[in-house]
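Residues 1 to 80 in the UniProt record's numbering are what the sequence shown lists, from first letter to last.
Ideal placement from N, C-alpha and C gives every residue a C-beta, glycine not left out.
Heads up, the thing below is written out as structure tokens.
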Amino acid sequence: MAFTGNGTGGQSTSRQNNPDGVYQGTWSDLGAVQIGQPATGVDRKGCVYSFAMTDAGTLTVRDQATCTGDAPLSRSRDIE
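If you want it as structure tokens, here you go:
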């Protein structure tokens, strides 16, 4: 899974088709307005987390509902 800031000020992601495989070639816009580039981490269960600062100065996080490669990411939520 790869993340980047996009031209509309949001965050986009792309996924590999399988482990060590090629990326899909398409980027999915995750929405939300952020500044800077996202940071990504993986916990010991294998769940992916994406963090980004918003234009309002808050830190947001998205995470996978289940710890599998094709699991969707949650909606963006603020970290207090």
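key: Cβ contact check for the segment 14-28 and the segment 40-55: 3 or more pairs under 8 Å   = With the cut-off at 8 Å, the segment 14-28 and the segment 40-55 do not touch.
query = Any idea what DSSP makes of Arg62, helix, strand or coil?
reply = Here Arg62 sits in strand by DSSP.
task = Use the C-beta contact count for Arg62: other C-beta atoms within 10 angstroms, 16 or more gives buried, fewer gives exposed.
result = Flag for Arg62 reads buried.
inquiry  = Can you give me the C-alpha to C-alpha distance between Leu59 and Pro19, rounded to a whole angstrom?
reply    = Straight-line Cα distance between these residues: approximately 30 Å.
message = Does Thr26 come out as helix, strand or coil in the three-state DSSP assignment?
response = Three-state DSSP puts Thr26 in coil, outside helix and strand.
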